[in-house]
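Read through the structure below, which is laid out as structure tokens, and then see the notes.
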Amino acid sequence: MVSNKLPEAGISNFDEVLQHYDFIKNDFDPCVYKKVSGSSVAFLVIYVDDILLILNDVKMLGDTKAWLSTQFSMKNLGEASYILGIKIIRDRSKRMLRMTQTSYV
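The number in this note's numbering is simply the position in the sequence shown, starting from 1, with 900 added.
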């Protein structure tokens, strides 16, 4: 997802909005947030004005994206396949996720 409002809104406002939705900022990386609800876990990663959502629950993913869209002007770019030089490879039938950086080798 991409938000063209993050730079304008400022990270402090974004923090407040995410905390209202029960996301907790990572102590070691201020651009990473985590939310746990029962067995569902969500990670939200910010890079400039891009947001990467990683969840283990499809319903929670839809709910989170819908909620974020009410808070910020956003565009859903679909599943990430390449981000920050990392290629993301999924095999859902085997429940596997691989990440590679072969372009840097």
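Yeah, the Cβ is synthetic: ideal placement off N, Cα and C, and Gly gets one too.
Can you check DSSP and say which residues form a bridge with LYS935?
ALA942
Using a 10 Å radius around the Cβ and a threshold of 16 neighbouring Cβ atoms, would you call LEU997 buried or exposed?
exposed
Could you spell out where the beta strand (DSSP E) holding LYS987 opens and where it closes?
986-991
Use the C-beta contact count for ILE951: other C-beta atoms within 10 angstroms, 16 or more gives buried, fewer gives exposed.
Counting C-beta atoms within 10 angstroms of its own C-beta, ILE951 has 16 or more neighbours from the protein chains shown and is therefore classed as buried.
Roughly how many whole angstroms lie between the Cα atoms of ASN926 and ASP915?
11 Å
If you check the beta carbons only, do MET960 and SER939 fall under 8 Å apart?
no
Please classify PHE928: is it buried, with 16 or more other beta-carbons within 10 angstroms of its beta-carbon, or exposed?
Around the Cβ of PHE928, a 10 Å sphere holds fewer than 16 other Cβ atoms; the residue is exposed.
According to DSSP, simplified to helix, strand and coil, what is ASP963?
helix
LEU944: buried (16+ other C-beta within 10 angstroms of its C-beta) or exposed?
buried
If we ignore side chains and look at the alpha-carbon of each, how far apart do LYS1039 and ASP991 end up?
Here the chain has residues from 901 to 1005 only, and residue 1039 is not among them.
Exposed or buried, what is LEU869 when buried is set at 16 or more other beta-carbons lying within 10 Å of its beta-carbon?
Nothing about residue 869 can be reported from this structure: the residues present for the chain run from 901 to 1005 only.
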